[in-house]
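Enquirer:
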Amino acid sequence: MQIEVLKSKIHRGLITESNLNYIGSITIDEDLMDAAKLIENEKVHVYNINNGERLETYIIKGERGSGIISLNGAAARKAAVGDLVIIVSYAIMDFDEVKLFSPTIVFPDSKNQLK
């Protein structure tokens, strides 16, 4: 049996940009991506703490050390600059594998830098 479990989480990231005229996705600082074990083009769920909006999209790499978290394209309508979000990805694993697995959770500071 396989089940879907939390793989990675950026908890309380700050939206720094919103780009409606982009083709879509979420741009995330590459340092945050590395810390959370996320990769470019990976599917993520974004949960907006400020307004309750939820969406799915994919990641594009942002400039390392920039602190950028930008919602792009239609997703830009789901959050405003300054909103706090939770960004998560899930993985499908064998039930026995899950028992040995621990998700990676990152808590950035108020400027999306690693603490």
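Under the numbering used here, think of the first position of the sequence shown as 243, with each following residue one higher. Built from N, CA and C at the ideal position, the CB exists for glycine as well. Only a predicted model underlies this, so the values are computations on that prediction, with no experimental measurement involved.
#1: Taking only three categories from DSSP, how would you classify M243?
#2: In chain order, what residues of the same chain have a beta carbon less than 8 Å from the beta carbon of F337, not counting five sequence neighbours either side?
#3: Within its chain, find whatever has a CB closer than 7 Å to the CB of E339; leave out the 5 residues flanking it on each side and keep chain order.
#4: Decide yes or no for the touch test of the region 323-336 against the region 248-259: beta carbon pairs closer than 8 Å, at least 3 of them.
#5: If contact is defined by three or more beta carbon pairs under 8 Å, each pair taking one atom from either stretch, is the region 300-317 in contact with the region 255-273?
#6: Whole angstroms is fine: what's the gap from V348's alpha carbon to L274's?
#7: For V323, does the count of other Cβ atoms within 10 angstroms reach 16, so buried, or fall short, so exposed?
#8: Leaving aside the five residues before and after N293 along the sequence, list all residues of the same chain whose C-beta is less than 6 Å from its C-beta, in chain order.
Expert: In this structure, then:
#1: DSSP places M243 in the coil class of the three-state scheme, outside both helix and strand.
#2: So the list reads M243, Q244 and I245, once near-sequence residues are dropped.
#3: In its own chain, leaving out the 5 sequence neighbours on each side, no residue places its CB closer than 7 Å to the CB of E339.
#4: Taking 8 Å as the limit for Cβ pairs, the verdict is that the region 248-259 does touch the region 323-336.
#5: Touching, per the Cβ criterion.
#6: Using only the alpha carbons, I get a separation of about 8 Å.
#7: Exposed, by the Cβ-count rule.
#8: If we look at N293 and ignore the five residues flanking it on each side, it has no Cβ neighbours.
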